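Residue numbers (UniProt numbering), protein chains in the order written: chain A, 1 to 143; chain B, 1 to 143. Built from N, CA and C at the ideal position, the CB exists for glycine as well. Everything numeric in this text was worked out from a predicted model, so none of it was measured.
Number of protein chains: 2
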Amino acid sequence: MRIGELAERAGMTTRTLRYYESRGLLPARRTGNGYRDYDETDLRLLEQIRTLQDFGFALEDARPFVDCLRSGHPTGDACPASLDVYRAKLAELDACIAEMQRVRNQVAAHLAYAELTAAPAPEPRCDLAAAGRPAPSNPEDQP
Amino acid sequence: MRIGELAERAGMTTRTLRYYESRGLLPARRTGNGYRDYDETDLRLLEQIRTLQDFGFALEDARPFVDCLRSGHPTGDACPASLDVYRAKLAELDACIAEMQRVRNQVAAHLAYAELTAAPAPEPRCDLAAAGRPAPSNPEDQP
DNA sequence: CCTGGCGTTGACCCCCGCGTCAACGTTTAC
DNA sequence: GTAAACGTTGACGCGGGGGTCAACGCCAGG
Numbered sequence: 001m002r003i004g005e006l007a008e009r010a011g012m013t014t015r016t017l018r019y020y021e022s023r024g025l026l027p028a029r030r031t032g033n034g035y036r037d038y039d040e041t042d043l044r045l046l047e048q049i050r051t052l053q054d055f056g057f058a059l060e061d062a063r064p065f066v067d068c069l070r071s072g073h074p075t076g077d078a079c080p081a082s083l084d085v086y087r088a089k090l091a092e093l094d095a096c097i098a099e100m101q102r103v104r105n106q107v108a109a110h111l112a113y114a115e116l117t118a119a120p121a122p123e124p125r126c127d128l129a130a131a132g133r134p135a136p137s138n139p140e141d142q143p
Numbered sequence: 001m002r003i004g005e006l007a008e009r010a011g012m013t014t015r016t017l018r019y020y021e022s023r024g025l026l027p028a029r030r031t032g033n034g035y036r037d038y039d040e041t042d043l044r045l046l047e048q049i050r051t052l053q054d055f056g057f058a059l060e061d062a063r064p065f066v067d068c069l070r071s072g073h074p075t076g077d078a079c080p081a082s083l084d085v086y087r088a089k090l091a092e093l094d095a096c097i098a099e100m101q102r103v104r105n106q107v108a109a110h111l112a113y114a115e116l117t118a119a120p121a122p123e124p125r126c127d128l129a130a131a132g133r134p135a136p137s138n139p140e141d142q143p
């Protein structure tokens, strides 16, 4: 199989496959004329890489998985090194989620305070005037 | 105040201040010899920018805040445009957190499954052999 | 006068995962 | 024979937030 076919089957561009080769993932055999030559195993490698990419793994993180697959294991995560990558990613995700929640709460607090001080209550000058309109509390509702 | 002093007071490098100026944030007056000339207001602008940066806001997002401060408001988030940035960031953070949690659970599931199939239980061949050693359950405990 | 420490602009480098273009060779179909 | 459709390598661009030179101007102290 040549690069165009593999790219199409994997849903990637040829540029991507060449990039992976330049990074040392997905090394390719060559035919007599210098064309890259791939097989079904390479397609599985790409599917593995794609899955990891979708999970936000860096390309480098995919290396243990492809090594694992190429060494004959049925899945890329059948090797200890791959599991370590999983665990490291989990820890990274947990740390990142916690940090983002912390920031989120801070931003929400800033927003709430700024909304309070900016809008000193919607002027309760006459309760009758507000009748008929449901909850005119938020200023951004009227553009 | 010249750029070196402001940079030191704000805890930034002169390169950063010049970069902000090139981006249109923090425009600087000039003295007769072409040196940039700053005042206390600029310091407050930088503190505002730094706070937002720490929250993960892009530099562009800081623009409404500095505009707000320069237009005389006591805080950078006293203007509607700034509040919109807050709200957009909140939505972005929520979406990002949700996505990361989703990915986290998927990765955890992959890890759990791979750990199961890789280690078919730590061979309970003899309970007596395990006596004396506390909880030898995890393979990564022995390097 | 010279040195040292400030200031100025401009330009390239970093990371990452490719997109895009150039200039060229190979194979296939008509 | 020739054009299209593939393949090859190499190089630059991007976006964000600056770092790190280079080459030069300005000014004060000894």
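Inset, instruction - Name the residue from A:S71, A:R70 and A:G56 whose alpha carbon lies nearest to the alpha carbon of V103 (chain B). - result: A:G56
Inset, instruction - Give the interface partners of A114 (chain B) over in chain A, defined as CB-CB distance under 8 Å, in chain order. - result: T75, D77, A78, S82, L83 and Y86
Legend entry - Cutoff 7 Å: I97 (chain A) Cβ touching any chain B Cβ: Taking Cβ atoms only, chain B reaches closer than 7 Å to I97 (chain A), which makes this a yes.
Inset, instruction - Starting from residue 214 (chain A), find everything on chain B with Cβ-Cβ shorter than 7 Å and list it in chain order. - result: Residue 214 (chain A) lies beyond the residue range present for chain A, which begins at 1 and ends at 143; the question has no answer from this structure.
Inset, instruction - Report yes if the C-beta distance between S82 (chain B) and C96 (chain B) is below 7 Å; otherwise report no. - result: no
Inset, instruction - List the DSSP bridge partners of D37 (chain A). - result: A:R29
Legend entry - Nearest to R9 (chain B) (by Cα), restricted to the options B:V107, B:G76, B:R50 and B:A98: Checking every option, the nearest Cα to that of R9 (chain B) belongs to B:R50.
Inset, instruction - Could you have a look at P74 (chain A) and say whether DSSP puts it in helix, strand or coil? - result: coil
Inset, instruction - Just mark D77 (chain B) as buried or exposed, buried being the case when its beta carbon has 16 or more other beta carbons within 10 Å. - result: Buried: at least 16 other Cβ atoms inside 10 Å.
Legend entry - Cβ separation of M1 (chain B) and Y35 (chain B), assumed to be a contact under 8 Å, to the nearest whole Å: So it is not a contact: roughly 10 Å between Cβ atoms.
Legend entry - Cβ neighbour criterion (16 or more within 10 Å) applied to D54 (chain A): exposed
Legend entry - 8 Å CB neighbourhood of L59 (chain B) in its chain, flanking five on each side removed: Y20, R23, L25, I49 and Q53
Inset, instruction - For my contact list, V107 (chain B) and Y86 (chain A) are in at a C-beta cut-off of 8 Å; report their separation, rounded to the angstrom. - result: 6 Å
Inset, instruction - Return the Cβ separation of D42 (chain B) and L6 (chain B) in integer angstroms, given the expectation that the two are a contact with Cβ distance under 8 Å. - result: Rounded, the Cβ-Cβ distance is 6 Å, consistent with contact.
Legend entry - Contacts that F55 (chain B) makes with chain A (C-beta to C-beta distance below 7 Å): Near F55 (chain B) (Cβ distances below 7 Å), the residues of chain A are V103, Q106 and V107.
Inset, instruction - Taking only the alpha-carbon atoms, compute the straight-line gap between R30 (chain A) and G11 (chain A) and give it to the nearest angstrom. - result: 22 Å
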